[in-house]
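Residue numbers (this note's numbering), protein chains in the order written: chain H, 19 to 132; chain S, 3 to 115.
Structure representation (structure tokens):
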């Protein structure tokens, strides 16, 4: 069965600092991988997705993630945090062959201080 | 394009009562999903539709939850009777196909007292 593990339920950074949110996946087949962001009282918004075209994926709002098969990881990074980045971030996986629905991690809350 | 519409935004009911949620997906999207998001957790899939057929309902508590997608467009999710542990945000999402990114609605926040 597929699953994702997000290390750290809460990450705090200063404005302008590097953002690193960790995600490890478990899958017996090459998966599709996603990062979503959720602002308070809103639905989830797609940040970026990995579908095997390139291991380094660039998303919206300056975020990017790198797929590392050897480490079964798909960590999310942003070089310089902005106050508006404060939100809940979810990593998700799906089985590309079976067309299954997304399975989400438990989420990481990002706090940004000035 | 218009996003995924959900209603109501908030609902408060007492345990053992029934409740229904409505979802209007993005026009043309074949797949529709209902997720349950309990406070502090990631969304958990309840049911997946492909057009008006059910693809996966293995995690739907069928003794109390039901969902339908008539004509392959709008969908309703019903809980009857509700339990305290059903308090959560119910998210609807849609996509062009099963391997395309999902577009989420803003959700319905259910409180069961």
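Virtual Cβ for every residue (Gly too), placed ideally from N, Cα, C.
Please read these numbers as outputs of a predicted model, since none were measured by experiment.
| said: If the cut-off is 7 angstroms on Cβ atoms, which residues from the segment 82–109 of chain S count as contacting chain H, listed in chain order? | reply: Residues of the segment 82–109 of chain S whose Cβ lies closer than 7 angstroms to any Cβ of chain H, in chain order: 93, 100, 101, 103, 104, 106, 107, 108 and 109.
Suppose you measure from the CA of residue 49 of chain S to the CA of residue 33 of chain S; what does that come to, to the nearest Å?
For the purposes of this step, residue 49 of chain S is taken as the residue at position 47 of the second chain. For the purposes of this step, residue 33 of chain S is taken as the residue at position 31 of the second chain. Going from the Cα of residue 49 of chain S to the Cα of residue 33 of chain S covers about 11 angstroms.
Leaving out five residues on either side along the sequence, give the residues of the same chain with a beta carbon under 6 angstroms from the beta carbon of residue 67 of chain H. Counting from 1 along the first chain, the entry for residue 67 of chain H is found at position 49. Cβ-Cβ distances below 6 angstroms link residue 67 of chain H to 52 in the same chain, with the five nearest sequence neighbours on each side left out; the list follows chain order.
Using beta-carbon positions only, say whether residue 84 of chain S and residue 77 of chain S come within less than 9 angstroms of one another.
-> The residue given as residue 84 of chain S occupies position 82 in the second chain. The residue given as residue 77 of chain S occupies position 75 in the second chain. Going by beta carbons, residue 84 of chain S and residue 77 of chain S fall outside the 9 angstroms limit.
**Message:** Tell me the rounded alpha-carbon separation between residue 129 of chain H and residue 110 of chain S.
**Reply:** Locating residue 129 of chain H in the first chain gives position 111, counting from the first residue. Locating residue 110 of chain S in the second chain gives position 108, counting from the first residue. Separation of residue 129 of chain H and residue 110 of chain S (C-alpha to C-alpha, rounded to the nearest whole angstrom) is 25 angstroms.
List, in order along the chain, the chain S residues whose C-beta lies closer than 7 angstroms to that of residue 65 of chain H? The residue given as residue 65 of chain H occupies position 47 in the first chain. Ordered by position in chain S, no residue passes the 7 angstroms Cβ test against residue 65 of chain H, which lies about 10 angstroms from the chain.
Q. Tell me, which residues are paired with residue 79 of chain S by DSSP?
A. The residue given as residue 79 of chain S occupies position 77 in the second chain. According to DSSP, residue 79 of chain S bridges with S:23 and S:69.
Exercise. Nearest to residue 67 of chain S by alpha carbon, out of S:74, S:51, S:31 and S:88?
Worked result: Within the second chain, the letter at position 65 stands for residue 67 of chain S. Residue S:88 is the option with its Cα nearest to residue 67 of chain S.
Which residues of the segment 39–52 of chain S have a Cβ closer than 7 angstroms to any Cβ of chain H? Give them in chain order. Under the 7 angstroms Cβ criterion, the segment 39–52 of chain S contributes 43, 44, 45, 47 and 50.
9 angstroms is my cut-off, CB to CB: does residue 20 of chain H come that close to chain S?
In the first chain, residue 20 of chain H corresponds to position 2, counting from 1. Chain S, which has no Cβ nearer than 9 angstroms to the Cβ of residue 20 of chain H, makes this no.
Within 9 angstroms, strictly: CB atoms of residue 39 of chain S and residue 90 of chain S: Against the second chain, residue 39 of chain S aligns to sequence position 37. Against the second chain, residue 90 of chain S aligns to sequence position 88. Residue 39 of chain S is a Cβ neighbour of residue 90 of chain S, given a cutoff of 9 angstroms.
Inset, instruction - Could you say which of S:94, S:103, S:51 and S:14 lies nearest to residue 60 of chain H if we only look at CA atoms? - result: Within the first chain, residue 60 of chain H is the residue found at index 42, counting from 1. The residue with the shortest Cα to Cα distance from residue 60 of chain H is S:94.
Three Cβ pairs or more, each shorter than 8 angstroms: is that satisfied between the segment 37–48 of chain H and the segment 91–104 of chain H?
Touching, per the Cβ criterion.
Taking 8 angstroms as the limit between beta carbons, can you name the residues of its chain near residue 133 of chain H, skipping five residues before and five after? Here chain H has residues from 19 to 132 only, and residue 133 of chain H is not among them.
- Sheet register partners of residue 49 of chain S (DSSP bridge): Here the question's residue 49 of chain S lines up with position 47 in the second chain. Under the DSSP definition of a beta bridge, residue 49 of chain S partners with S:36.
Original post:
Are the C-beta atoms of residue 50 of chain H and some chain S residue less than 9 angstroms apart?
Top reply: One-based indexing of the first chain puts residue 50 of chain H at position 32. Yes, its Cβ sits closer than 9 angstroms to a Cβ of chain S.
field: Distance, residue 49 of chain H Cα to residue 69 of chain H Cα
entry: Start at 1 with the first residue of the first chain, and residue 69 of chain H comes out as number 51. Start at 1 with the first residue of the first chain, and residue 49 of chain H comes out as number 31. Within the model, the alpha-carbon separation for residue 69 of chain H versus residue 49 of chain H is close to 7 angstroms.
Have a look at residue 99 of chain S and residue 57 of chain S and give me their C-alpha separation to the nearest angstrom. On the second chain, position 97 is the one that residue 99 of chain S refers to. On the second chain, position 55 is the one that residue 57 of chain S refers to. Cα to Cα, the separation comes out at about 12 angstroms.
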